[in-house]
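Mapping of the sequence shown onto the working numbering: position 174 corresponds to residue 215, and the numbering continues sequentially without gaps.
Note sheet for the following structure.
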Amino acid sequence: MNASLNKKSVAVIGLGISNIAVIGYLLKHDLKKLSIFDTRANPPYVDELPGGIDLRLGPLDAKELCTYDVLVVSPGLSVRLPEIAKAKDNGALVVGDIELFAFEAKAPVIGITGSNGKSTVTALLGSMIEHWGKKVAVGANFGHAVFDILSDAVDFYVLELSSFELETTYSLELVAGVILNISEDHLDRYDGKIEEYAKAKARIFAHCKNIIVNRDDKATFPQQGTYKASFGLDNQEYGREKVGHSVFLTVNGQRVLDTQDMIICGTHNELNALSAMALADCVGVPREVQIKALCTFPGLEHRCQLVRVLDGISFYNDSKATNVASTEAAIKGLCDRHERGIILLAGGLGKGQDFTPLKKYLGKEVSDVFCYGRDAEQILALSKEHCHSCLNLRQALNSAYEIAKRGQAILLSPACASFDQFKGFEERGRVFVNLVNHVDVKEY
């Protein structure tokens, strides 16, 4: 156990799934005081709290928080909140579950962050290590909370780390780490400044032995020091080679795998595969094991997932696309498969993003966009001809299907968060899949 917590007063702020796992860990310490704070009147997971624990609901009080030595802050809460910032200025140590985990994990840790593709790369690398016959634990921002996977029996940890989690992480040592890409996301948390967002991501390299970067995105490079290897679209280091209609994954110019042998598809998934290979090489996963995993990995739900082909029309669930760059990646990944065009379903909470990068696809790769949700007007403003207003996702899907032609794709890739109409992207994706599975064959 981390002896530095003993005899300390600790405040856990925010009853998210990660902090519920943390509480069990904290109760093993000889704490001076432990209190749980949440601003919501009826937060989730209250029923999972041990009996008799000090639970305080309602607005945070800066004066009260200043009486604690350590604040364990949920990733969903910004450390810039005035009450938390004041406690920090008063000398409180502000950490998250990843920082506490860093003191306890004995096995090597691999860290993955970026705006898009984190979950896919995390799961894919976990699959590679599992195929290798090693005990791997996958978690953090994807899968399980870190204190639910902490074990002395683990050979490797593979962690997906969000910018929010990295804000409160200082000591995590990684055997290998990567920033996959940087694009506009969560700018409402970073005062609209992508530089602040990128700075939070860059914290992953603070104590990283083998740094992997995206050579096509300079924002993924370490601010100081050098990197171990890079991946990218060309045929350098971990790269790609196009031969006719085929694309091969390559390492230092040598062909490793025809991407047609992979289940996951699209240029973005080719880059995901390359980054996973680079990380796997850092920890010694044999190449043949990597290839076996790449050929059998089915992909993740809500990430460019083919739901159904009905009457020659393909329906894709990419509900996880909560920013513009992710939607762009989906369009680029599917356009070669659907030369008759893509019909896009988009909208929700825009998070302060600029949607104009989507405009270049309209009338070309994307024939029409059906927009719904709170910030739909921002997408509608891109084109009066190609963008159409809908009340909700159901109407958007029905309207898209009415005009869809054989060979086209209907793609849910919202470019927005989902919380205006859904509990999260998972619920949005499940609703979409259910709607698609109840679509009837067209009558011509």
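Each residue gets a CB set at the ideal place from its N, CA and C atoms; glycine is no exception.
No experiment lies behind these values; they were computed from the predicted model shown.
Backbone secondary structure at C345 - three-state DSSP: By one-based count along the sequence shown, residue 345 stands at place 304. DSSP places C345 in coil when its eight states are reduced to three.
Assign M42 to one of three DSSP states: helix, strand, or coil. Taking the first residue of the sequence shown as position 1, residue 42 is located at position 1. For M42, the predicted model reports a pLDDT of 43, less than 50, meaning its position is unreliable and no value from the coordinates is stated.
Residues sharing a beta bridge with T163, DSSP: Here residue 163 is taken as the residue at index 122 of the sequence shown, counted from 1. T163 pairs with nothing; no bridge assigned.
Counting only the same chain and skipping the five closest in sequence on each side, list residues whose C-beta sits under 6 Å from that of S424. Within the sequence shown, numbered from 1, the residue matching residue 424 stands at position 383. Cβ neighbours of S424 beyond the five flanking positions: L403.
Give me the Cα-Cα distance between L221 and K175, rounded to the nearest whole angstrom. Indexing the sequence shown from 1 puts residue 221 at position 180. Indexing the sequence shown from 1 puts residue 175 at position 134. Each residue's alpha carbon lies about 25 Å from the other.
Less than 8 Å between the CB atoms is what I'm expecting for C431 and L421, so what's the real figure, rounded? For the purposes of this step, residue 431 is taken as residue 390 along the sequence shown, with counting starting at 1. For the purposes of this step, residue 421 is taken as residue 380 along the sequence shown, with counting starting at 1. At roughly 10 Å, the Cβ-Cβ gap does not stay under 8 Å, so C431 and L421 are not in contact.
In this structure, how does DSSP classify D359 when only helix, strand and coil are distinguished? Indexing the sequence shown from 1 puts residue 359 at position 318. Here D359 sits in coil by DSSP.
Taking the alpha helix (DSSP H) that Q419 falls in, what are its first and last residues? Mapped onto the sequence shown, residue 419 falls at position 378. It spans A417 to L421 - the alpha helix (DSSP H) in which Q419 sits, taken as one unbroken run.
Can you look up L312 in the DSSP assignment and give me helix, strand or coil? Within the sequence shown, numbered from 1, the residue matching residue 312 stands at position 271. If DSSP states are grouped into helix, strand and coil, L312 belongs with the helices.
Between the Cα of Q436 and those of K464, G388 and A456, spot the shortest distance and give me the residue it belongs to. By one-based count along the sequence shown, residue 436 stands at place 395. It is G388 whose Cα lies nearest to the Cα of Q436.
Which word fits M42, buried or exposed, when buried means at least 16 other C-beta atoms lie within 10 angstroms of its C-beta? As a working note, residue 42 is residue 1 in the sequence shown. Legend: pLDDT at M42 = 43, less than 50; position of this residue unreliable, no value from coordinates given.
CA-CA distance, L46 and L72? In the sequence shown, residue 46 corresponds to position 5, counting from 1. In the sequence shown, residue 72 corresponds to position 31, counting from 1. Taking the straight line from one Cα to the other gives about 7 Å.
Roughly how many angstroms separate the alpha carbons of K405 and I383, rounded to a whole number? Residue 405 sits at position 364 when you count from the first residue of the sequence shown. Residue 383 sits at position 342 when you count from the first residue of the sequence shown. Going from the Cα of K405 to the Cα of I383 covers about 9 Å.
Decide yes or no for the touch test of the segment 303-315 against the segment 329-346: beta carbon pairs closer than 8 Å, at least 3 of them. yes
Figure out for me which residue from D138, R296 and Q277 has the closest Cα to the Cα of V284. Walking along the sequence shown from the start, residue 284 turns up at place 243. When each option's Cα is compared against that of V284, the closest is R296.
Which residues in the same chain as D241 place their Cβ atom closer than 6 Å to its Cβ, once the five residues preceding and following it in sequence are excluded? Along the sequence shown, read from residue 1 onward, the residue named residue 241 stands at position 200. Sequence inspection shows Ala at residue 241; the Asp mentioned does not correspond to that position. So the list reads S204, L207 and E208, once near-sequence residues are dropped.
Residues near S440 by beta carbon distance below 8 Å, same chain, minus five either side: Residue numbering aside, residue 440 sits at position 399 when the sequence shown is read from its first letter. Excluding residues within five positions, the ones whose Cβ falls inside 8 Å are F411, H429 and C431.
V111 beta carbon less than 9 Å from that of A148: Here the question's residue 148 lines up with position 107 in the sequence shown. Here the question's residue 111 lines up with position 70 in the sequence shown. For A148 and V111, no; Cβs fall outside 9 Å.
Please return the same chain residues whose Cβ sits closer than 8 Å to the Cβ of K127, not counting the five positions on each side in sequence. As a working note, residue 127 is residue 86 in the sequence shown. If we look at K127 and ignore the five residues flanking it on each side, its Cβ neighbours are A103, L106 and C107.
Same chain, Cβ closer than 6 Å to S367, five either side skipped, listed in chain order: The count along the sequence shown starts at 1 and reaches residue 367 at position 326. If we look at S367 and ignore the five residues flanking it on each side, its Cβ neighbours are N157.
Report the three-state DSSP secondary structure of K333 (helix, strand or coil). Looking up residue 333 in the sequence shown gives position 292. If DSSP states are grouped into helix, strand and coil, K333 belongs with the helices.
Quick one: grab the DSSP three-state call for S459. The residue you call residue 459 lines up with position 418 of the sequence shown. The answer is coil: DSSP assigns S459 none of H, G, I, E or B.
Per DSSP, S50 is paired with what? Here residue 50 corresponds to residue number 9 of the sequence shown, with the count starting at 1. Its beta-bridge partners are K74.
Helix, strand or coil for T87, going by three-state DSSP, please let me know. On the sequence shown, residue 87 is found 46 positions in, with the first residue counted as 1. According to the sequence displayed, residue 87 carries Val and not Thr. Helix at V87.
Between the CA atoms of G155 and A270 - distance to the nearest angstrom: Within the sequence shown, residue 270 is the residue found at index 229, counting from 1. Within the sequence shown, residue 155 is the residue found at index 114, counting from 1. Cα to Cα, A270 sits roughly 16 Å from G155.
What span of residues does the beta strand (DSSP E) with G218 cover, start to end? Numbered from 1 along the sequence shown, position 177 holds the residue referred to as residue 218. G218 -> beta strand (DSSP E) spans A217 to I220.
Pull up the distance between the alpha-carbon of N182 and that of E201, whole angstroms please. Along the sequence shown, read from residue 1 onward, the residue named residue 182 stands at position 141. Along the sequence shown, read from residue 1 onward, the residue named residue 201 stands at position 160. Near 5 Å, if we compare the C-alpha coordinates of E201 and N182.
Cβ-based neighbour list, L351, same chain, cut-off 7 Å, excluding 5 preceding and 5 following: One-based indexing of the sequence shown puts residue 351 at position 310. Answer for L351: V480 and V482, listed in chain order.
Which stretch, first to last residue, makes up the alpha helix (DSSP H) that contains Q295? Counted from its first residue, the sequence shown places residue 295 at position 254. Segment Q295 to D299 is the beta strand (DSSP E) holding Q295; no alpha helix (DSSP H) there.
Given this structure, state the Cα-to-Cα distance separating G92 from H185, to the nearest angstrom. By 1-based counting over the sequence shown, the position of residue 92 is 51. By 1-based counting over the sequence shown, the position of residue 185 is 144. Those two C-alpha atoms are separated by around 24 Å.
Let's test the definition: count the other Cβ atoms within 10 Å of the Cβ of G57 and tell me whether it reaches 16, buried, or not, exposed. In the sequence shown, the residue the question calls residue 57 occupies position 16. The residue in question, G57, is buried, as its Cβ has 16 or more Cβ neighbours within 10 Å.
Strictly by DSSP, which residues pair up with H185? The residue you call residue 185 lines up with position 144 of the sequence shown. According to DSSP, which records beta bridges pairwise, H185 is partnered with G180.
Residue closest to K333, alpha-carbon to alpha-carbon, out of K373, M169, P339 and H427: Position 292 of the sequence shown, counted from the first residue, corresponds to residue 333. Nearest option by C-alpha distance: M169.
DSSP three-state assignment for S454, whether helix, strand or coil: Mapped onto the sequence shown, residue 454 falls at position 413. In this structure, S454 counts as coil in the three-state DSSP scheme.
One question on the structure: do L320 and G280 come within less than 9 Å of each other, judged by their Cβ atoms? The count along the sequence shown starts at 1 and reaches residue 320 at position 279. The count along the sequence shown starts at 1 and reaches residue 280 at position 239. Not in contact: L320 and G280 (Cβ atoms no closer than 9 Å).
Neighbour-count burial assignment, N310, 16 or more Cβ in a 10 Å radius: Within the sequence shown, the letter at position 269 stands for residue 310. Buried, by the Cβ-count rule.
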